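Novice:
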DNA sequence: ACCATATTTGGACTTTGAGTACAACATAGG
DNA sequence: CCTATGTTGTACTCAAAGTCCAAATATGGT
């Protein structure tokens with residue numbers, strides 16, 4: 043559709059990512075983008091449909107990067123669990139290499155997912171490869187079976203993304219990891235091994251105790267002692 | 043600060059949540075909100091500082107709800123792992139009860155986290171209780187030790203939130219869970235037990251294989267058994 | 001009942017920023 | 001040199017946020 047941007051301009055455009063990441067797209071005036079990139083407003087509008095198109099271009103690019111890296115990781119050798127780790131590593135690496143783009147993506151997630159192309163790209167870049175890995179892991183025995191791998195992929199995506207963000211964005215002094223390799227290893231372990239010491243021990247005891255969706259229910263939160 | 047909104051108005055305001063969830067705050071005109079709530083624009087501006095304040099009010103409320111429920115869960119009885127499960131259940135329950143608010147929160151996450159009060163509320167409602175649970179779990183032996191519980195809390199938050207969203211928002215036909223109880227049980231298990239069949243087997247073998255961001259450091263993540 | 005103060009509301013107004021129109025200019029390929 | 005296509009400054013339109021204000025209405029204290 044709009045993938046004919048002169049590379050000169052495309053590269054300048056990245057200068058706008060930082061602005062958008064910090065202030066959000068809404069608070070970023072087109073004139074700011076123009077000034078930050080050195081591209082005059084008229085030229086911007088000559089190539090792009092508008093403000094959203096700027097975001098769309100930047101994020102499509104990011105998602106291509108991640109999608110590519112994840113795809114490579116997911117189709118590499120080894121067990122599904124090893125490839126899952128590689129995929130997570132790929133995502134984290136790209137995130138840490140492009141912190142501004144990621145902040146922009148997450149900060150304007152609503153807008154992003156409302157742009158149809160981007161929603162698809164997101165799906166293709168992350169969710170669907172991870173979902174497949176989960177399924178393959180059941181086959182090769184390296185991963186435990188999970189109901190609804192699609193939803194599980196979302197959960198994993200959420201965990202990885204949020205982790206990457208909290209390292210990237212917030213000034214969190216992160217003890218866990220200073221570089222992409224150790225951070226991704228860290229998240230992978232968290233997701234792979236879980237947080238509990240001996241799985242199964244308290245499983246199933248509470249399952250039906252919380253709320254029945256419809257009825258008034260003051261005690262949604264904690265199980266009685 | 044602005045917490046004296048007449049309840050009459052406050053309740054009407056929720057009618058705007060759906061609009062915001064669907065179209066994003068930016069695409070929602072103040073006149074739309076006015077019309078949807080039945081509150082005339084002038085009155086809105088009499089009580090609220092502007093558009094952002096609408097979002098801020100709604101989300102502050104949501105975060106109070108979640109924060110309250112999570113706090114109750116986290117301070118209940120049982121092991122840390124049981125309370126972690128209860129906390130997750132609380133969050134999921136509130137999310138499923140207020141899908142519009144959640145979509146609004148996530149959709150305009152950037153804006154939300156840029157509102158200082160909300161960033162703090164988010165921290166207080168989720169992150170910090172979960173972080174404490176993780177720490178307590180190490181003490182009582184029900185959870186395995188994790189480097190940097192603060193970041194781990196973010197990861198868990200990401201997973202839970204994304205899961206809730208993918209059930210709520212996208213038309214995903216979710217096999218995993220139709221109600222809050224079973225969904226939260228499902229996420230808890232995922233996080234508690236991990237996705238891998240026999241933990242530790244492939245740890246450390248690949249850490250440095252994908253792209254080298256400077257130092258290969260395969261061991262920072264989890265403590266040995 | 002009376003007054004003071006706060007709330008509600010309609011309507012006109014100001015301001016800001018997105019997006020458009022267009023003419024002048026540049027550049028390239030034939 | 002001449003036409004295509006890209007570049008850019010300037011001036012414009014237009015929608016929506018937010019402000020002002022004054023008249024109506026409620027609220028509460030004495």
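Residue numbers (the working numbering), protein chains in the order written: chain A, 43 to 267; chain B, 43 to 267. By construction, the Cβ of each residue, glycine as well, lies at the ideal position given by its N, Cα and C atoms. Remember, predicted model here, so these are calculated numbers, not experimental data.
Cα separation between residue 175(A) and residue 224(B)?
Specialist: On the first chain, position 133 is the one that residue 175(A) refers to. On the second chain, position 182 is the one that residue 224(B) refers to. Cα to Cα, residue 175(A) sits roughly 24 Å from residue 224(B).
Novice: Would DSSP call residue 237(A) helix, strand or coil?
Specialist: What you label residue 237(A) is simply residue 195 of the first chain in a count that begins at 1. Here residue 237(A) sits in coil by DSSP.
Novice: Rounded to a whole number of angstroms, what is the C-alpha to C-alpha distance between residue 155(B) and residue 141(B)?
Specialist: If you number the second chain from 1, residue 155(B) lands on position 113. If you number the second chain from 1, residue 141(B) lands on position 99. Cα to Cα, residue 155(B) sits roughly 19 Å from residue 141(B).
Novice: At 4 residues or longer, what runs of the alpha helix (DSSP H) sit wholly inside the region 140 to 185 of chain B?
Specialist: If we require 4 residues or more, the alpha helix (DSSP H) runs fully inside the region 140 to 185 of chain B come out as 141 to 149, 151 to 156, 158 to 164 and 170 to 182.
Novice: Among 52(A), 173(A), 130(A) and 180(A), whose alpha-carbon lies nearest the alpha-carbon of residue 204(A)?
Specialist: The residue you call residue 204(A) lines up with position 162 of the first chain. For residue 204(A), the nearest C-alpha among the options comes from 130(A).
Novice: Are the region 107 to 124 of chain B and the region 159 to 179 of chain B touching by the rule of at least three beta carbon pairs closer than 8 Å?
Specialist: Judged by Cβ distances under 8 Å, the region 107 to 124 of chain B makes contact with the region 159 to 179 of chain B, as three or more pairs qualify.
Novice: Counting only beta-carbon separations shorter than 8 Å, does residue 70(B) have a partner in chain A?
Specialist: Working through the second chain from its first residue, we reach residue 70(B) at position 28. Judged by the 8 Å Cβ criterion, residue 70(B) is not in contact with chain A.
Novice: How about residue 146(A) and residue 105(A): are their beta carbons less than 8 Å apart?
Specialist: To locate residue 146(A), count along the first chain from 1; it is residue 104. To locate residue 105(A), count along the first chain from 1; it is residue 63. No.
Novice: Would you call the region 186 to 206 of chain B and the region 221 to 235 of chain B in contact, with 3 or more CB pairs under 8 Å?
Specialist: Yes: the two stretches touch, three or more of their Cβ pairs being nearer than 8 Å.
Novice: For residue 71(B), is the classification buried or exposed, using 16 other Cβ atoms within 10 angstroms of its Cβ as the cut-off for buried?
Specialist: Position 29 of the second chain holds residue 71(B). With fewer than 16 other Cβ atoms within 10 Å, it is exposed.
Novice: So that I know if they touch, is there some Cβ in chain B lying closer than 8 Å to that of residue 170(A)?
Specialist: Residue 170(A) sits at position 128 when you count from the first residue of the first chain. So no, residue 170(A) is outside the interface.
Novice: Nearest-angstrom Cα distance between residue 236(A) and residue 52(B)?
Specialist: Counted from its first residue, the first chain places residue 236(A) at position 194. Counted from its first residue, the second chain places residue 52(B) at position 10. Each residue's alpha carbon lies about 41 Å from the other.
Novice: For the candidate residues 182(B), 87(B), 107(B) and 188(B), whose alpha-carbon lies nearest to that of residue 120(B)?
Specialist: Taking the first residue of the second chain as position 1, residue 120(B) is located at position 78. The candidate whose alpha carbon is nearest that of residue 120(B) is 182(B).
Novice: If you reduce the DSSP assignment to three classes, tell me which class residue 190(A) lands in.
Specialist: Position 148 of the first chain holds residue 190(A). Residue state, collapsed to three classes: coil.
Novice: Closest Cβ-Cβ distance between residue 99(B) and chain A: below 8 Å?
Specialist: Within the second chain, residue 99(B) is the residue found at index 57, counting from 1. Chain A, which has no Cβ nearer than 8 Å to the Cβ of residue 99(B), makes this no.
Novice: Quick one: give me the first and last residue of the alpha helix (DSSP H) that residue 97(B) is part of.
Specialist: Taking the first residue of the second chain as 1, we reach residue 97(B) at position 55. From DSSP, the alpha helix (DSSP H) with residue 97(B) extends over 93 to 116.
Novice: Let me know the secondary structure DSSP gives residue 131(B) once reduced to three states.
Specialist: Taking the first residue of the second chain as 1, we reach residue 131(B) at position 89. Of the three classes helix, strand and coil, the one that applies to residue 131(B) here is helix, per DSSP.
Novice: Could you work out which residues of chain B lie near residue 194(A), taking near to mean beta carbons separated by less than 7 Å?
Specialist: By one-based count along the first chain, residue 194(A) stands at place 152. The contacting residues are 232.
Novice: List, in order along the chain, the chain B residues whose C-beta lies closer than 9 Å to that of residue 210(A)?
Specialist: As a first step, residue 210(A) is located in the first chain; it is residue number 168 there, counting from the start. The premise fails here: residue 210(A) is roughly 11 Å from chain B at the closest Cβ pair, so nothing lies under 9 Å.
Novice: Return the CA-CA distance between residue 137(A) and residue 191(B), expressed in angstroms with no decimal places.
Specialist: Counting from one through the first chain, the residue named residue 137(A) turns up at place 95. Counting from one through the second chain, the residue named residue 191(B) turns up at place 149. The straight-line gap from Cα to Cα measures roughly 21 Å.
Novice: Applying the criterion that 16 or more other CB atoms from any shown protein chain within 10 Å of the CB defines a buried residue, is residue 268(B) buried or exposed?
Specialist: With chain B running from 43 to 267 in the structure shown, residue 268(B) is simply not present.
Novice: Look at residue 159(B) and residue 102(B) and say whether their C-beta atoms are less than 8 Å apart.
Specialist: Indexing the second chain from 1 puts residue 159(B) at position 117. Indexing the second chain from 1 puts residue 102(B) at position 60. Yes, these two residues count as a Cβ contact at 8 Å.
Novice: Check distances from the C-beta atoms of the region 198 to 209 of chain A to those of chain B and list, in chain order, the residues that come in under 8 Å.
Specialist: The region 198 to 209 of chain A vs chain B, Cβ under 8 Å: 198, 199, 200, 201, 202, 203, 204, 205, 207, 208 and 209.
Novice: What is the C-beta distance between residue 195(B) and residue 238(A), in whole angstroms, given that I count them as a contact (C-beta under 8 Å)?
Specialist: For the purposes of this step, residue 195(B) is taken as residue 153 along the second chain, with counting starting at 1. For the purposes of this step, residue 238(A) is taken as residue 196 along the first chain, with counting starting at 1. Actually they are not in contact, since the Cβ atoms of residue 195(B) and residue 238(A) sit about 15 Å apart, beyond 8 Å.
Novice: Can you say whether residue 162(A) is buried or exposed, counting buried as having 16 or more other CB atoms within 10 angstroms of its CB?
Specialist: Residue mapping note: residue 162(A) aligns to position 120 of the first chain, counting from 1. Its Cβ having fewer than 16 others within 10 Å, residue 162(A) is exposed.
Novice: Nearest to residue 100(A) by CA position, among 61(A), 177(A) and 83(A), is which residue?
Specialist: The residue given as residue 100(A) occupies position 58 in the first chain. Closest option to residue 100(A), Cα to Cα, is 61(A).
Novice: Take residue 207(A) and list the residues in its own chain whose beta-carbon comes closer than 8 Å to its own, dropping the five residues that flank it on each side.
Specialist: The residue given as residue 207(A) occupies position 165 in the first chain. Cβ neighbours of residue 207(A) beyond the five flanking positions: 137, 144, 145 and 148.
Novice: Is any beta-carbon of chain A found at less than 8 Å from that of residue 277(B)?
Specialist: Any property of residue 277(B) remains undetermined from this structure, which presents chain B solely from 43 to 267.
Novice: For the region 148 to 168 of chain A, which residues have a beta carbon sitting closer than 8 Å to at least one beta carbon of chain B?
Specialist: Listed by position along the chain: 148, 149, 150, 151, 152, 153, 155 and 156.
Novice: Rounded to a whole number of angstroms, what is the C-alpha to C-alpha distance between residue 139(B) and residue 89(B)?
Specialist: Locating residue 139(B) in the second chain gives position 97, counting from the first residue. Locating residue 89(B) in the second chain gives position 47, counting from the first residue. Spanning the two alpha carbons is a distance of roughly 27 Å.
Novice: State the DSSP-derived secondary structure class of residue 74(B), mapped to helix, strand or coil.
Specialist: One-based indexing of the second chain puts residue 74(B) at position 32. Helix at residue 74(B).
Novice: Please compile the residues from chain A whose C-beta is within a distance smaller than 9 Å of the C-beta of residue 91(B).
Specialist: Locating residue 91(B) in the second chain gives position 49, where the first residue counts as 1. Those do not exist, as residue 91(B) stays about 15 Å from chain A at its closest Cβ, beyond 9 Å.
Novice: Any Cβ of chain B within less than 8 Å of the Cβ of residue 117(A)?
Specialist: In the first chain, residue 117(A) corresponds to position 75, counting from 1. Not an interface residue.
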